[in-house]
Each structure stands twice: as C-alpha cells, then as structure tokens.
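Notes follow once the structure below has been shown.
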Amino acid sequence: MTSIVLDIRDVHARYGKQEVLRGVTLQVRTGQWFCLLGPNGVGKSTLLHCVAARLVASAGDILVCGHSVRTHTVDAKRKLGYGCAPEQLPGLLTGRQCLEVYASAKELERVDPEVIELGEALKFSPYLDRFVDTYSLGTRQKLCVLLALLGEPALVVLDEAFNGLDPASALVVKRHLQQRLAANRCAVMLATHSLDIVEHYADKAALLLDGRVVREWSDSEIAAMRQQGAARFEEALAQSG
1 MTSIVLDIRD VHARYGKQEV LRGVTLQVRT GQWFCLLGPN GVGKSTLLHC VAARLVASAG
61 DILVCGHSVR THTVDAKRKL GYGCAPEQLP GLLTGRQCLE VYASAKELER VDPEVIELGE
121 ALKFSPYLDR FVDTYSLGTR QKLCVLLALL GEPALVVLDE AFNGLDPASA LVVKRHLQQR
181 LAANRCAVML ATHSLDIVEH YADKAALLLD GRVVREWSDS EIAAMRQQGA ARFEEALAQS
241 G
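Structure follows, in structure tokens:
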C-alpha cells in the first residue's frame with residue numbers, strides 16, 4: 001500500500017464572515033493523480049490555498065507527508081510543490097530569477113537539471129532572461145509548472161495548470177507528471193474543469209460543490225468509466241450535481 005501524501009481532515013475555511021469550505025475530508029496517496037472538480041466559486045482554489053499554507057483553515061487540519069500545515073508549516077512546505085496562479089508571478093523578475101529564488105527558498109544548491117530539461121522540452125528556454133510581465137498566459141503557465149516541480153516535491157499542487165497551454169506543451173507536462181507518478185516519486189493534486197484530464201489521466205477524483213465534497217471516484221470507478229468513454233463521466237457528474 002502506497003503512503004498517504006495528503007491527508008485533509010474536516011477542513012473549514014472562510015474569508016471574513018463567509019464560509020467557503022465546510023468540512024472537507026480527502027486523502028491522496030503516492031503515485032496518484034487526483035483531480036478536484038467543480039464549477040467556479042465552490043472552493044477549489046481555496047482548498048488548494050489551504051494545502052499550500054497560503055490560507056489558514058478556520059478548523060480541521062491538513063497533513064503533507066505526515067506534517068501538519070498548521071503546526072509544522074515549514075516541514076510540510078518542504079514536501080510541497082505549488083503552482084501559483086499565473087497572475088501571481090513577480091512581473092519584475094525574469095524567468096531565470098524566479099527559478100533561482102524558488103530554488104533558494106527550498107534550500108537547493110541549484111535549479112534541478114530535470115526541471116531545466118522540462119523547460120527546454122516546453123520551449124521555455126528563450127524566455128528565461130525575459131521579464132515575466134512580458135510573458136503570454138501560456139508562457140507564465142509553463143513557468144508556474146516548472147516552479148512547482150523544483151526540489152523533488154512529494155506533493156505537486158496545480159490549479160487549472162493547463163489553461164493557456166498549447167496542446168503540444170500540455171502533452172509534454174502531462175507525460176512528465178505521469179513519469180513521476182509511475183515511479184512513485186510524488187502525488188499530483190489538480191483543480192480542473194477538464195473532464196478530458198479526468199478521463200485520460202486521473203487515478204482518483206472528487207466533486208466539490210458549495211464547499212463540500214459531494215462525490216468521490218476511486219481508481220476502480222474511474223477505470224470502469226474510462227472504458228465507457230467521456231459520456232459516462234458527464235453522466236456521473238450530472239448525477240452528482
């Protein structure tokens with residue numbers, strides 16, 4: 001049995017008086033590609049922010065490789081690779097500087113050679129010494145993914161990471177993540193609207209509505225729906241919603 005990388009325990013979160021998450025409980029194991037589904041405004045990004053310690057949950061706890069995000073934040077973050085939203089990248093830094101700053105924050109001696117190779121495969125290298133505020137959405141997304149993969153994270157957290165990516169680049173990223181998962185090097189948590197990603201890549205999925213998980217699909221359930229095609233996924237989501 002693979003180890004639990006992410007353990008979300010009855011998490012609540014709020015912005016001011018507005019409660020956004022209302023008791024979310026989930027587990028993700030090493031080697032799993034987990035997709036978090038749901039329409040806009042149901043709390044997907046908020047949950048990811050709580051996992052990445054960008055937002056403190058108002059109740060409950062989140063453990064990354066056994067380390068509580070609440071009480072052992074530094075230890076938890078050392079195991080985590082978080083892909084921020086493209087608009088949150090520092091526009092006055094170059095891509096190379098962003099990679100170096102992130103590597104330094106993770107106490108790495110250098111940027112991972114594997115990440116540099118992925119950047120080359122994504123045709124990102126020509127943009128390394130250009131300022132981020134000159135990047136297109138797709139180029140920013142590439143940088144967000146590269147930053148999330150620095151330092152051999154045990155948990156890779158991505159929020160709509162394929163938005164803006166051209167099909168060839170999206171395929172490069174998907175295959176790279178699959179290779180890491182196949183080697184049990186990490187788990188992936190992806191918030192997405194794309195049923196195509198769930199159908200072709202997910203090992204586990206959950207539907208979030210109104211701050212609550214209303215449906216989960218195990219690897220065996222996803223495999224069964226995968227054999228029946230995209231229509232089965234759409235039907236399952238419609239029934240859950």
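Going by the numbering used here, 144 is the number at position 144 of the sequence shown; the sequence numbering is gapless. Glycine residues also receive a C-beta, built at the ideal position from the N, C-alpha and C atoms.
Secondary structure of LEU143 (DSSP, three-state): helix. Out of LYS123, PHE124, ASP159, the CA that lies nearest to the CA of TYR82 is found in ASP159. VAL101 counts as exposed, since fewer than 16 other beta carbons sit within 10 angstroms of its beta carbon.
Per DSSP, LYS44 is one residue of the alpha helix (DSSP H) stretching across 44-51. Of the candidates THR192, GLU221, ALA187, GLY151, the residue whose Cα lies closest to the Cα of ILE4 is ALA187.
Every alpha helix (DSSP H) of 4 residues or more that sits fully in the stretch 89-143 is shown, in chain order, as 95-105, 113-121. The C-beta distance from PHE162 to ALA154 rounds to 22 Å, too long to meet the 8 Å contact threshold. Considering only VAL51, LEU6, VAL157, the residue with the shortest C-alpha distance to GLY66 is LEU6.
Just so you know, the alpha carbons of ASP75 and CYS98 end up roughly 22 Å apart. Its Cα nearest to that of LEU165, the residue LYS142 stands out among LYS17, LYS142, LEU177.
In this structure, ALA205 sits near LEU37, with a CB-CB distance shorter than 8 Å.
For THR73, no beta strand (DSSP E) run applies; the uninterrupted alpha helix (DSSP H) run containing it begins and ends at 73-78, by DSSP. Boundaries of the beta strand (DSSP E) harbouring LEU158: 155-159, taken from the DSSP string. Going by DSSP, ALA59 is part of the beta strand (DSSP E) stretching over 59-64.
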